[in-house]
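Residue numbers (the numbering used here): 2 to 265.
Structure, rendered in structure tokens:
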């Protein structure tokens with residue numbers, strides 16, 4: 002009976018790992034498919050175990066407390082896997098984080114290049130919720146934990162989903178959770194795509210500051226001998242009280258682009 006239950010899960014895990022390999026190999030010319038597959042497998046399996054350990058706490062903790070536990074365990078797992086496979090992440094501009102209020106929620110906007118943006122951003126020393134494609138929440142393990150942490154799903158080009166995303170982001174920010182948005186909307190390592198308006202609409206209507214982030218991922222990340230080259234650059238916060246939405250968008254784009262090596 003147990004084998005019959007585990008067989009479908011095993012098949013879904015296998016398909017998920019193959020999907021990770023397929024997506025990442027398109028983005029990197031220099032890569033080891035075995036390294037991508039091993040990372041993906043460990044990420045999924047460890048996340049499933051994490052989910053099995055955290056889910057029972059649902060009967061003991063308030064929803065807000067469960068969300069914190071889910072987020073923090075995801076953070077620990079992501080950091081551990083990242084360090085094991087790639088070494089630690091270097092953070093530049095930490096003074097900008099320290100300049101934020103002790104319980105201040107902000108809207109982070111970052112470039113999006115690869116799946117590894119996720120583990121890199123988990124090195125931020127604060128609570129945050131992602132805005133991610135709704136299909137990601139279906140992933141066994143990572144997706145389940147994202148639901149427990151109350152991250153924000155989005156169906157592209159779906160007006161109802163966009164409205165729900167806006168409401169969820171406002172709720173997260175009001176609850177003193179920062180929110181991370183990839184305003185480019187999709188991953189790309191060869192072209193620095195323009196920013197969409199949505200993130201900046203959220204910031205101006207919520208009256209929170211925008212903090213641009215540049216994620217630097219080396220081209221040979223997925224080779225076996227590459228370690229310690231991922232970097233997170235924190236730029237100066239942008240005030241939504243003194244700038245228009247268009248000005249914030251332009252300033253955020255310029256800040257994020259300034260840290261991307263290929264664009265220097």
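All C-beta atoms in this analysis are idealised placements derived from N, C-alpha and C, irrespective of residue type, glycine included.
Do residue 127 and residue 179 have their CB atoms nearer than 8 Å?
yes
Neighbourhood of residue 265 by C-beta distance below 6 Å, restricted to the same chain and skipping five residues each side
Residue confidence is low: residue 265 scores 45 on pLDDT, short of 50, so the model does not pin down where it sits. Its coordinate-derived value is still stated next. Excluding sequence neighbours, residue 265 sits near nothing in its chain.
Helix, strand or coil at residue 194 [DSSP, three-state]:
coil
Excluding the 5 residues preceding and the 5 following residue 187 in the sequence, name in chain order all residues of the same chain whose CB lies nearer than 8 Å to its CB.
The residues are 113, 194.
In the DSSP assignment, what residue or residues form a beta bridge with residue 293?
Since the first residue shown for the chain is 2 and the last is 265, residue 293 is missing from the structure and cannot be characterised.
Through-space distance from residue 197 to residue 159, alpha-carbon basis
The straight-line gap from Cα to Cα measures roughly 15 Å.
Just the Cα atoms here: how many angstroms apart are residue 146 and residue 71?
The straight-line gap separating the alpha-carbon atoms of residue 146 and residue 71 is approximately 6 Å.
Compute the Euclidean distance between the alpha carbons of residue 100 and residue 107, then round it to the nearest angstrom.
12 Å
Sort 149, 34, 15, 103 by Cα distance to residue 73 and report the nearest one.
A check of alpha carbon separations from residue 73 across 149, 34, 15, 103 identifies 149 as the nearest.
Going along the chain, which residues of its own chain have a beta-carbon closer than 6 Å to the beta-carbon of residue 204, five neighbours each way excluded?
So the qualifying residues of the chain are 108, 211, 241.
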